[in-house]
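S.K.: Protein chains in written order, with the working numbering: chain A, 735 to 1022; chain B, 22 to 344.
For every residue, glycine included, the Cβ atom is placed at its ideal position computed from N, Cα and C.
Before I ask anything, let me first share the structure, which is written out below as structure tokens.
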């Protein structure tokens, strides 16, 4: 351990793992910049009011220094709109993941630890949700509720939580058989405490990896809903919606659909790389 | 202190009904160290788990019997009452200290958790009590160990920490399920000495589960030998070792490697008990030991032997050696 201490040594190991895998580093950089851009979107965007403004005089102008990604049919700066769109994507992702965790963790942990009829009931309900392809289910729910951003979040959340319930159940099932859980029981620790204090901390690493992977997919799903017109509505600067409108201007005004598309691609890739990186970092077998 | 009467614990599996514990009677007196001996699968651990009602359903279930602890039947207690008894009145230590400690918490946190749970203690009191306990179980640097994670300690140290947890609330009964099996012999010996010492200061009784007759001879006052879910012989350690009656007990004792022969460089053939533990789904009729028994008679294959007192405090369940 030496001068660095235990913590310091762990950080060094982590840094070393990252250095060995440039994709992990790329993932971290992409995700961090995505979050910074999303948080400070109105400050960073050169034309923050172009979320809604219309400037017909400069419609569909090509890529230039003034408009790095060109402008759309309403003359709005696409660069600004892509930046503003990151905020919507992040918001949807955070809400969906938070809801899924909020529902999935307690339900999955209860199902896995308690077993019996509790397990049966919870798992059959999740099976009902998993019986439909998730994108179709999300579309159906969004269509039923009416297209809007809030409803997009509701629709995706409803299709997302069963995966976390399953993940947690599987983890709880295997951890509850470990001796330390039995030891805790033999010391009179309550069920609630065993679930929250003794079992949950062991599931964190897989939950964290799952979250980082899922953020990318949630962004993709939200963009998909926007693209088919069941998500955000014009003039919201949502990436999927922008591609949907921009595709009618292909190929002559290629920049309209291309840049929002690239934004989706880079964001999703970034979260996937991050997920892989986190899995490596938290795998004790790679750490020694 | 603890009196188990007619305990039956069955496991309902897909393959069939396993009578893991089949009519077991035991009595452990105050301050007594009681050895429970038997091969793997003889049901000794199930007796222990039944005593603190930690047999999990499905597949296991206590179907009959009484477990009287300080006069109260534990099988009639509610789950909440039972939870309060575990850890404070009866506590348990397990075979593998490496897996019985939660790897994500420090040693100190785990011991303090139990103290806070049962003694209504605040964080600071719990911490000082934990340090006291760590000191009592012979850990040289309690302050450092308090903040360490299980993987940073040796097996012996971890078992000491487990003992500290188990004894932190001064229980009346300590159940130790093969506490030294995973440790090397010298450390195991120290751990047994420690358990002996500590329980005698707090006046607790011990149910010591082991398959090692050497340990029984050294630490226990009384002993029960289990075979295929039943007690075949029980009594004072001294009497039982001097005068083993049941062929199974005799077999176990003679299959201990003798020290003298090894030291003199003589090679003698280790005697073994033929065959292996029977399948408990369809155990042998009559005496469960008869297929492996050299003294088996015709009647052993039909009649079930009952425990019979052959000398004061020495019981044997055998048809051939009862008379």
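#1: Select from A:974, A:977 and A:943 the residue whose C-alpha is nearest the C-alpha of residue 1008 of chain A.
#2: Note down, in chain order, each residue of its chain lying with its Cβ closer than 6 Å to the Cβ of residue 211 of chain B, except the 5 sequence neighbours on either side.
#3: Going by beta-carbon coordinates alone, are residue 121 of chain B and residue 115 of chain B separated by less than 7 Å?
#4: Going by DSSP, what residue range makes up the beta strand (DSSP E) through residue 41 of chain B?
#5: If you measure from the beta carbon of residue 122 of chain B to each beta carbon in chain A, is any gap under 7 Å?
#6: Tell whether a beta-carbon distance below 7 Å holds between residue 244 of chain B and residue 56 of chain B.
#7: From the beta carbon of residue 922 of chain A, is the nearest beta carbon of chain B less than 7 Å away?
#8: Within 10 angstroms of the Cβ of residue 815 of chain A, are there 16 or more other Cβ atoms? Answer buried if so, exposed if not.
#9: Consider the Cβ of residue 735 of chain A: report whether some Cβ of chain B lies at a distance smaller than 7 Å.
#10: For the segment 864-875 of chain A, list every residue whose C-beta sits within 8 Å of some C-beta in chain B, in sequence order.
#11: If we count the other Cβ atoms within 10 Å of its Cβ and call it buried at 16 or more, is residue 798 of chain A buried or exposed?
#12: Taking only runs that begin and end inside the segment 187-221 of chain B, name each unbroken beta strand (DSSP E) of 3 or more residues, in chain order.
#13: Answer yes or no: the CB of residue 190 of chain B versus the heavy atoms of the ligand ATP, is any distance below 6 Å?
#14: Among the candidates A:777, A:958, A:756 and A:1018, whose CA atom is the shortest distance from the CA of residue 871 of chain A?
#15: Considering only the alpha carbon of each residue, which of A:846, A:821 and A:890 lies closest to residue 833 of chain A?
#16: According to the Cβ coordinates, are residue 227 of chain B and residue 73 of chain B closer than 7 Å?
#17: Inspect the beta-carbon positions of residue 129 of chain B and residue 302 of chain B and report whether they are closer than 7 Å.
#18: For residue 238 of chain B and residue 78 of chain B, what's the separation of their Cα atoms in angstroms?
#19: Count the other CB atoms within 10 Å of the CB of residue 885 of chain A; is the residue buried (16 or more) or exposed (fewer)?
#20: How is the alpha helix (DSSP H) around residue 983 of chain A delimited, first residue to last?
#21: Are any of the Cβ atoms in chain B nearer than 7 Å to that of residue 843 of chain A?
#22: Is it true that the CB of residue 952 of chain A sits closer than 7 Å to the CB of residue 829 of chain A?
#23: Ordered along the chain, which non-local residues of its own chain (more than five positions away) have a Cβ less than 6 Å from that of residue 267 of chain B?
#24: Can you list, in chain order, the residues of the segment 183-205 of chain B whose Cβ is nearer than 7 Å to any Cβ on chain A?
#25: Between the segment 874-884 of chain A and the segment 910-925 of chain A, do at least 3 Cβ pairs fall closer than 8 Å?
#26: Taking only three categories from DSSP, how would you classify residue 232 of chain B?
#27: Which value, in whole angstroms, describes the spacing of the CA atoms of residue 137 of chain B and residue 295 of chain B?
#28: Residues of the segment 141-159 of chain B with a CB closer than 8 Å to any CB of chain A: list them in chain order, please.
#29: Leaving out five residues before and five after residue 305 of chain B in sequence, what residues of the same chain have Cβ atoms less than 7 Å from its Cβ?
#30: Based on Cα-Cα distance, which residue from B:209, B:75, B:208 and B:334 lies nearest to residue 101 of chain B?
#31: So residue 917 of chain A contacts chain B; which residues on that side make the cut at Cβ distance below 7 Å?
#32: Just to confirm my understanding: we take residue 987 of chain A, look at its own chain, exclude 5 residues before and 5 after, and list those with CB closer than 6 Å. What are they?
#33: Does the pairing of the segment 966-976 of chain A with the segment 988-1005 of chain A give three or more beta-carbon distances under 8 Å?
#34: Going by the DSSP bridge assignment, what does residue 26 of chain B pair with across the sheet?
#35: Whole angstroms is fine: what's the gap from residue 736 of chain A's alpha carbon to residue 743 of chain A's?
M.R.: With the given structure in hand:
#1: For this step, residue 1008 of chain A is matched to residue 274 along the first chain. Per the Cα distances, A:943.
#2: Position 190 of the second chain holds residue 211 of chain B. Result list for residue 211 of chain B: empty, nothing under 6 Å.
#3: By one-based count along the second chain, residue 121 of chain B stands at place 100. By one-based count along the second chain, residue 115 of chain B stands at place 94. Cβ distance < 7 Å, so residue 121 of chain B and residue 115 of chain B count as in contact.
#4: Position 20 of the second chain holds residue 41 of chain B. That run of the beta strand (DSSP E) goes 38-49.
#5: Along the second chain, read from residue 1 onward, the residue named residue 122 of chain B stands at position 101. With 7 Å as the cut-off, residue 122 of chain B counts as an interface residue toward chain A.
#6: Against the second chain, residue 244 of chain B aligns to sequence position 223. Against the second chain, residue 56 of chain B aligns to sequence position 35. Yes, the Cβ-Cβ distance between residue 244 of chain B and residue 56 of chain B is below 7 Å.
#7: Taking the first chain and counting its residues from 1, one reaches residue 922 of chain A at position 188. With a threshold of 7 Å between beta carbons, residue 922 of chain A makes contact with chain B.
#8: The residue given as residue 815 of chain A occupies position 81 in the first chain. Buried: at least 16 other Cβ atoms inside 10 Å.
#9: Numbered from its first residue, the first chain carries residue 735 of chain A at position 1. Interpretation of residue 735 of chain A is limited by its pLDDT of 42, a score under 50 that renders its predicted location unreliable; no figure is taken from the coordinates.
#10: none
#11: Start at 1 with the first residue of the first chain, and residue 798 of chain A comes out as number 64. Burial call: exposed.
#12: 194-198
#13: Of the ligands one can find in the structure shown there are none, so the ligand ATP has no counterpart to examine.
#14: Sequence index remark: in the first chain, residue 871 of chain A carries index 137 (1-based). Nearest C-alpha to residue 871 of chain A: A:958.
#15: Taking the first chain and counting its residues from 1, one reaches residue 833 of chain A at position 99. Nearest of A:846, A:821 and A:890 to residue 833 of chain A, Cα basis: A:890.
#16: Taking the first residue of the second chain as 1, we reach residue 227 of chain B at position 206. Taking the first residue of the second chain as 1, we reach residue 73 of chain B at position 52. No, the pair does not count as a contact, with Cβ atoms beyond the cut-off.
#17: On the second chain, position 108 is the one that residue 129 of chain B refers to. On the second chain, position 281 is the one that residue 302 of chain B refers to. No, the Cβ-Cβ distance between residue 129 of chain B and residue 302 of chain B is not below 7 Å.
#18: Walking along the second chain from the start, residue 238 of chain B turns up at place 217. Walking along the second chain from the start, residue 78 of chain B turns up at place 57. For residue 238 of chain B and residue 78 of chain B, the distance between alpha carbons rounds to 35 Å.
#19: Position 151 of the first chain, counted from the start, is the residue given in the question as residue 885 of chain A. Under this definition residue 885 of chain A is a buried residue.
#20: Position 249 of the first chain, counted from the first residue, corresponds to residue 983 of chain A. Run containing residue 983 of chain A: none; DSSP gives neither H nor E here.
#21: If you number the first chain from 1, residue 843 of chain A lands on position 109. Answer no: the Cβ-Cβ gap between residue 843 of chain A and chain B never drops below 7 Å.
#22: Here residue 829 of chain A refers to the residue found at position 95 when the first chain is read from its first residue. Here residue 952 of chain A refers to the residue found at position 218 when the first chain is read from its first residue. No, the Cβ-Cβ distance between residue 829 of chain A and residue 952 of chain A is not below 7 Å.
#23: Numbered from 1 along the second chain, position 246 holds the residue referred to as residue 267 of chain B. If we look at residue 267 of chain B and ignore the five residues flanking it on each side, its Cβ neighbours are 253, 254, 337 and 339.
#24: 186
#25: no
#26: Translated into positions along the second chain, residue 232 of chain B becomes position 211. Residue state, collapsed to three classes: coil.
#27: The residue you call residue 137 of chain B lines up with position 116 of the second chain. The residue you call residue 295 of chain B lines up with position 274 of the second chain. Their Cα atoms are separated by approximately 51 Å.
#28: none
#29: Locating residue 305 of chain B in the second chain gives position 284, counting from the first residue. Excluding sequence neighbours, residue 305 of chain B sits near 299, 311 and 312.
#30: To locate residue 101 of chain B, count along the second chain from 1; it is residue 80. Shortest Cα-Cα distance from residue 101 of chain B to any of B:209, B:75, B:208 and B:334 involves B:75.
#31: Looking up residue 917 of chain A in the first chain gives position 183. Those are 115 and 121, listed as they occur along chain B.
#32: If you number the first chain from 1, residue 987 of chain A lands on position 253. The answer, listed in chain order, is 794.
#33: Judged by pairs of C-beta atoms under 8 Å, the segment 966-976 of chain A touches the segment 988-1005 of chain A, as three or more such pairs exist.
#34: Residue numbering aside, residue 26 of chain B sits at position 5 when the second chain is read from its first letter. Bridge partners of residue 26 of chain B: B:87.
#35: Counted from its first residue, the first chain places residue 736 of chain A at position 2. Counted from its first residue, the first chain places residue 743 of chain A at position 9. Any answer about residue 736 of chain A is weak, because its pLDDT of 48 lies below 50 and its placement is not dependable; what the coordinates show is given next. Distance between the alpha carbons of residue 736 of chain A and residue 743 of chain A is about 9 Å.
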